[in-house]
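Residues 1 to 193 in full-length UniProt numbering are what the sequence shown spells out, letter by letter. Beta carbons: idealized from backbone N, C-alpha and C, even for Gly. Here the structure is laid out as structure tokens; the discussion comes afterwards.
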Amino acid sequence: MAEAAQASGADWIGFVFANSQRRIDKANAREISRQVPDISKVGVFVNAPLAEVQEIASQCKLDYIQLHGEESADYCRTLQLPVIKAIKPGAFSAEEVNAFPAQWLLVDGFSEQQFGGAGVPFAWTEFQQIRQQITKPLLVAGGLHADNVEEAMRLLAPDGVDVSSGVEVNGTKNAVKIREFISTVRREEERYA
Numbered sequence: 001m002a003e004a005a006q007a008s009g010a011d012w013i014g015f016v017f018a019n020s021q022r023r024i025d026k027a028n029a030r031e032i033s034r035q036v037p038d039i040s041k042v043g044v045f046v047n048a049p050l051a052e053v054q055e056i057a058s059q060c061k062l063d064y065i066q067l068h069g070e071e072s073a074d075y076c077r078t079l080q081l082p083v084i085k086a087i088k089p090g091a092f093s094a095e096e097v098n099a100f101p102a103q104w105l106l107v108d109g110f111s112e113q114q115f116g117g118a119g120v121p122f123a124w125t126e127f128q129q130i131r132q133q134i135t136k137p138l139l140v141a142g143g144l145h146a147d148n149v150e151e152a153m154r155l156l157a158p159d160g161v162d163v164s165s166g167v168e169v170n171g172t173k174n175a176v177k178i179r180e181f182i183s184t185v186r187r188e189e190e191r192y193a
């Protein structure tokens with residue numbers, strides 16, 4: 001499906017190395033990285049040992065590290081790749097996240113059972129005010145799909161969107177849904193270009 005994402009115009013693809021139903025092993029991630037050299041690769045981790053993250057990033061040719069756990073500022077500073085830090089709506093101030101040593105922020109819908117990838121939207125309208133105060137590039141995730149991503153983009157003006165369950169059928173990525181989602185995002189981007 002990485003090739004379908006690339007062909008559809010995705011900017012990034014993600015490899016989940018955290019405990020999840022979407023977890024991928026290093027060998028498969030390396031192979032996929034070789035197959036799609038022209039798209040940025042993001043490794044998704046949750047409270048992983050620093051040495052493990054660095055090893056996987058090197059072996060799998062990752063371009064970004066996305067952190068969904070309770071990783072510290074020092075942990076993020078030690079990483080040698082740009083960091084995308086997932087944040088929970090309402091659990092922080094704009095000052096706190098603007099000061100955090102991450103190049104990107106990702107606001108995601110969270111569930112009590114897992115750190116991310118739950119396919120749960122958050123209250124976009126409640127996040128609008130703090131969004132205006134965030135100075136770092138922002139990605140929006142959480143329950144996005146082709147039928148609601150335009151609204152999320154209009155309300156929050158993110159620098160990008162992150163999707164997983166919204167392009168799946170029965171837990172498996174689907175090329176048609178990927179194409180529909182990216183097409184919808186590109187149309188919305190053109191509206192504000």
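| Query | Result |
| --- | --- |
| Using the Cα positions of valine 140 and glutamate 189, report the straight-line distance between them to the nearest angstrom. | 14 Å |
| Contact defined as beta carbons within less than 8 Å: I believe alanine 73 pairs with proline 49. What is the distance between those atoms, to the nearest angstrom? | Alanine 73 to proline 49, Cβ: 17 Å. No contact. |
| What span of residues does the beta strand (DSSP E) with tyrosine 64 cover, start to end? | 64-67 |
| Can you tell which of Thr172, Gly171, Ser164, Val169 has its C-alpha closest to the C-alpha of isoleucine 182? | Ser164 |
| Grouping DSSP H, G and I as helix and E and B as strand, with all else coil, what is serine 165? | helix |
| Using the Cα positions of valine 44 and glutamate 126, report the straight-line distance between them to the nearest angstrom. | 26 Å |
| Given that a residue counts as buried once 16 or more other Cβ atoms are within 10 Å of its Cβ, and exposed if not, what is alanine 29? | buried |
| Ordered along the chain, which non-local residues of its own chain (more than five positions away) have a Cβ less than 6 Å from that of alanine 4? | Ala175, Ile178 |
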